[in-house]
Amino acid sequence: QSLIKLEIRKREDQLMQLGESLEDYLESILVLSKCLDHVRSVDVASYLGFSKPSVSHAVKLLAQQGHIHLDDNKFLTLTETGKKIAEETYRRHCFFTEMLENIGVPKDIAQEDACHIEHVISQETFDAIQKYYEEKEAQ
């Protein structure tokens, strides 16, 4: 159990070091890669509504940190660590979006709020909320 807690803390540390916007970049690359053959910086800029220079800067940082790979064709791919972070961020996003919609929050507000919530809570808190919510739904 202490090993699990240590792994949770390591993941939290990784997420906290990245910051909200860099997590959003990773998440967007993950989402875009599900519907595009190749993801480019311009795709990420369009998806997030960010400027191309902002995306270029983030891509450089994420590549330096080992979270993405930028090939000679300027295609972005997630590394194993980048994919883990992106998948966890996306999992949280989907969970909170659905939860908020289920309690009556309009879809656009639920998505926006989920995008903020997914970044600020610990893994332990997320797991507890998810477990509580799933147990309530099962009743």
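Be aware that the sequence shown starts at 16, since it is given in this note's numbering, and climbs by one per residue.
Yeah, the Cβ is synthetic: ideal placement off N, Cα and C, and Gly gets one too.
Annotation for L93: no alpha helix (DSSP H) segment contains it, though the beta strand (DSSP E) segment containing it runs 90 to 93.
In the structure shown, the three-state DSSP call for H131 is helix. L85 carries a strand assignment under DSSP once its states are collapsed to helix, strand and coil. The segment 73 to 81 and the segment 111 to 118 do not touch, with fewer than three beta-carbon pairs separated by less than 8 Å.
The secondary-structure analysis by DSSP pairs V54 across a beta bridge with L91.
Spanning the alpha carbons of S48 and F90 requires a straight line of approximately 10 Å. E133 is not a Cβ neighbour of T96, given a cutoff of 8 Å. If you look at V46, you'll find it in the alpha helix (DSSP H) that goes 35 to 48.
In the three-state scheme derived from DSSP, where H, G and I count as helix and E and B as strand, Q145 is classed as helix. Taking the CA atoms as reference points, K146 sits about 10 Å from T140. The C-alpha of D128 is placed about 11 Å away from the C-alpha of C109. Close CB contacts of L85 within its chain, under the 7 Å cut and outside five residues either way in sequence, are with V74, A78, L91 (chain order).
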